[in-house]
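Enquirer:
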Amino acid sequence: MAKQTDVIIIGGGIIGNATAYYLAKKSASVTVLEASKDIGIGGSSRNGGGVRQSGRDTRELPLAMWGIKNLWPGLSEELGVDVEYTQKGNLRLGKTEAHKAILQGLTDKAVACGLDVRMIDGDEIRAINPFLSDEVSCASWCPTDGHANPLTATLGYYKKARELGVRFITESPAIELRKIKGVLRQVITPNAIYEADKVLVAAGYDSRKLLATVGIDIPMIPMKMECLITEAEPPMFLQMLGTAEADFYGHQTKHGSFVFGGSSGFEPYNKDNGTPISSSIGASCTCRGIMKYFPALESAKIVRAWAGWLDECADKVPVISPVEEVPGLYIACAFTGHGFGIAPAAGYNIAEMIADGHSTIDLSALRYDRFKPKQ
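The numbering of the sequence shown is the UniProt record's numbering, which starts it at 1 and goes up by one.
(1) How would you call threonine 275, buried or exposed, if buried means at least 16 neighbouring beta carbons within 10 angstroms?
(2) What residues in its chain sit with their C-beta under 6 Å from that of lysine 198, if we drop five residues either side in the sequence?
(3) Quick check on DSSP: helix, strand or coil for methionine 119?
(4) Give the secondary structure of alanine 307 by DSSP, where H, G and I count as helix, E and B as strand, and everything else as coil.
(5) At the level of alpha carbons, what is the spacing between leucine 366 and threonine 189?
(6) What is the residue span of the beta strand (DSSP E) that asparagine 90 lies within?
(7) Specify whether the region 147 to 164 and the region 122 to 135 touch according to this definition: at least 3 beta carbon pairs, one from each stretch, less than 8 Å apart.
(8) Under the DSSP definition of a beta bridge, which residues are partnered with glutamate 195?
(9) With three or more C-beta pairs closer than 8 Å as the rule, is the region 321 to 338 touching the region 207 to 223?
(10) Taking DSSP as the reference, what is the three-state secondary structure of methionine 353?
(11) Which whole-angstrom value is the C-beta distance of leucine 310 and threonine 286, which I expect to be below 8 Å?
(12) Alpha carbon to alpha carbon, what distance is there between isoleucine 331 and phenylalanine 371?
(13) Between which two residues does the alpha helix (DSSP H) harbouring proline 222 extend?
(14) Measure the alpha-carbon distance for leucine 210 versus lysine 3 and round it to whole angstroms.
(15) Taking C-alpha atoms, which residue in Glu176, Glu226, Gly182 and Ile180 lies nearest to arginine 208?
(16) If I measure Cβ to Cβ from glycine 16 and keep anything under 6 Å in the same chain, skipping five residues before and after, which residues do I get?
(17) When we look at the beta-carbon of arginine 46 and count the other beta-carbons within 10 Å, is it buried (16 or more) or exposed?
(18) Would you kindly work out how many angstroms separate the C-alpha atoms of aspartate 116 and leucine 63, rounded to a whole number?
Structure (structure tokens):
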């Protein structure tokens, strides 16, 4: 079996799969190396499914806006699977004046970037979603936000990429990047050496250790986040939900179940020996938050809960960039829990960056070398 291709992608999550698919559409030969035995085993299959523009940092907002306008609406048809994309808006909720100030600041920045988002009061909030408690006094409302199914979206990109000839090799952890005559050329695994003209590292937090083999460091940490899903309930609302402090988020799926994610504040002290295990602290904390916002869900039964790592960047936005010091190396990591919603746009633009040397969206604000010591 030939071990040389035009591009090697390290990481079989939705970013790697989407990039592989769009590169294959450009007739590039691609190999995807995945450390585990499963595709999409990390954050790509463990997130809450938000496809939002509101509440984002302005540096990644252009990607989110472009993807929602140009890719998400037709993604089910293109990939041949139901990604369950639902575009019925996003309510980002608040209860206090401090919450209102946070939401107003995010809204003002997004409006300046051209996003259709505005602040609304309690009466208008409950006109959109009558199930919210009276404690909710303010919210930002973005009618073009929504949600989708992370599992089917990741699977769809994987299947389509394979149909176009992309080679996926699982249980092949990349342990070293190797340069030949100053240019990145090889990816070393325990069982083989793979060669390519260009290499994309898109392996979540594991990217940090691998990039260190060629002297590149991205300041990020692994942060555990938890989700839960309920039994199917009667249809209640279609919006994606979040809060000013991002302490919980969620939506009702097309099947009736509710998917909610949240944080307890104890994530850095997770006692799990490196495995992202859902805990009674996390699930109960999320449930208490949900009940304060949605009293009607008080008796909803939880089917299961799960946890996953997000690769939290020092400045909370991803790194998407070529690396000047290591010709042939490209980075797409540190998505800080925001990766699923922008994955189609990110994959499309990363493929352009690798294949064509430029991208539709200006990604310069996401370059790897933005982290420089203070003078």
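We put the beta carbon where it would ideally sit given N, CA and C, even for glycine.
Expert: Let's see:
(1) Exposed, by the Cβ-count rule.
(2) Excluding its 5 nearest sequence neighbours in each direction, lysine 198 has C-beta neighbours in its own chain below 6 Å: Val7, Gly328 and Ile354, listed in chain order.
(3) Methionine 119: strand per DSSP, three-state reduction.
(4) Reduced to three states, the DSSP call for alanine 307 is strand.
(5) Cα-Cα distance, rounded: 28 Å.
(6) That run of the beta strand (DSSP E) goes 90 to 94.
(7) Judged by Cβ distances under 8 Å, the region 147 to 164 makes no contact with the region 122 to 135, as fewer than three pairs qualify.
(8) Under DSSP, the beta-bridge partners assigned to glutamate 195 are Gln4 and Gln186.
(9) Result yes; three or more Cβ-Cβ pairs closer than 8 Å.
(10) Assignment of methionine 353 by DSSP, reduced to helix, strand and coil, places it in the helix class.
(11) In fact, because the Cβ distance is near 16 Å, the residues do not count as touching under 8 Å.
(12) The straight-line gap from Cα to Cα measures roughly 14 Å.
(13) Not the alpha helix (DSSP H): proline 222 falls in the beta strand (DSSP E), residues 220 to 230.
(14) The straight-line gap from Cα to Cα measures roughly 20 Å.
(15) The shortest Cα separation from arginine 208 among Glu176, Glu226, Gly182 and Ile180 belongs to Glu176.
(16) Beyond the five residues adjoining it in sequence on each side, glycine 16 comes within less than 6 Å, by CB distance, of Ile9, Val32 and Ala202 in the same chain, given in chain order.
(17) The residue is buried, with at least 16 neighbouring Cβ atoms inside 10 Å.
(18) Distance from the CA atom of aspartate 116 to the CA atom of leucine 63, rounded to whole angstroms, is 15 Å.
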